[in-house]
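Q:
Numbering (my numbering), first residue to last: 11 to 208.
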């Protein structure tokens, strides 16, 4: 616990505010660009009953088999999903993780006392979410590479369960992180306005 506090407190000094700001801006711009790109190259699952979220949160091999059977009507979906997951792993994940991490650290440094410590705790959530996302993507790729066994109904539930648990944790942590950044930004803005008025 003491070592964890020391590690979090180091974020108050390093990296420098300038470096964090530069990385955060680059990551945010990258996130926006990738989001726009993904809208155009994302798998055409809209033409089917199931989308990527259904795939991520299937939980059972039986449900994966149902999804794959539907996608099987358009084999290109499997290739598009694989490409999308690789892009997500190597580009999208670093962008959203560094964006939320950087902004959270900058906001936390502007606070004092317990609020600052709470802020630093929230700052590490995007990193945990990113790690969950990577494990999730490994599971998704494994299922895509073995889609025949899921369609045939011979696959076991281990990979789908681990994948969906990681996806659930990822979504939850990202929601909490975005909520923190939103609330903390409003709080910071209110304090800044009050200081100017005084």
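Positions of the beta carbon are idealized from the N, C-alpha and C atoms, including for glycine.
Suppose contacts are defined by Cβ-Cβ distances below 7 Å. Is residue 131 in contact with residue 190 by that definition?
A: Mapped onto the chain shown, residue 131 falls at position 121. Mapped onto the chain shown, residue 190 falls at position 180. Contact flag unset, no.
Q: Taking only three categories from DSSP, how would you classify residue 70?
A: Stepping through the chain shown from its first residue, residue 70 is reached at position 60. Coil, per DSSP.
Q: Using the Cα positions of residue 29 and residue 138, report the straight-line distance between them to the nearest angstrom.
A: On the chain shown, residue 29 is found 19 positions in, with the first residue counted as 1. On the chain shown, residue 138 is found 128 positions in, with the first residue counted as 1. Each residue's Cα considered, the two are about 22 Å apart.
Q: By how many angstroms is the C-alpha of residue 36 removed from the C-alpha of residue 101?
A: Residue mapping note: residue 101 aligns to position 91 of the chain shown, counting from 1. Residue mapping note: residue 36 aligns to position 26 of the chain shown, counting from 1. About 12 Å.
Q: Along the chain, where does the alpha helix (DSSP H) that runs through residue 136 open and close?
A: Working through the chain shown from its first residue, we reach residue 136 at position 126. Its alpha helix (DSSP H) spans residues 135-155.
Q: Tell me the residue span of the alpha helix (DSSP H) that contains residue 173.
A: On the chain shown, residue 173 is found 163 positions in, with the first residue counted as 1. Unbroken alpha helix (DSSP H) run through residue 173: 168-207.
Q: Look up residue 120 in the DSSP assignment and say whether it is helix, strand or coil.
A: Residue mapping note: residue 120 aligns to position 110 of the chain shown, counting from 1. In the structure shown, residue 120 sits in coil (DSSP, three-state: anything other than H, G, I, E or B).
Q: Terminal residues of the continuous alpha helix (DSSP H) containing residue 94?
A: For the purposes of this step, residue 94 is taken as residue 84 along the chain shown, with counting starting at 1. Looking at the DSSP string, the run of the alpha helix (DSSP H) that includes residue 94 is 86-97.
Q: By a C-beta neighbour count over all protein chains shown, 10 Å radius and 16 as the cutoff for buried, is residue 123 buried or exposed?
A: As a first step, residue 123 must be located in the chain shown, where it is residue number 113. That one is exposed.
Q: Apart from the five residues just before and just after residue 118, which ones in its own chain have a Cβ nearer than 7 Å to its Cβ?
A: As a working note, residue 118 is residue 108 in the chain shown. Once the five neighbours on either side are set aside, the close Cβ partners of residue 118 are 126, 129, 130, 133.
Q: Distance check for residue 163 and residue 185, CA to CA, integer angstroms please.
A: Along the chain shown, read from residue 1 onward, the residue named residue 185 stands at position 175. Along the chain shown, read from residue 1 onward, the residue named residue 163 stands at position 153. About 34 Å.
Q: Shortest alpha-carbon distance to residue 103 belongs to which of 157, 140, 72?
A: In the chain shown, the residue the question calls residue 103 occupies position 93. Ranking the options by Cα distance to residue 103, first place goes to 140.
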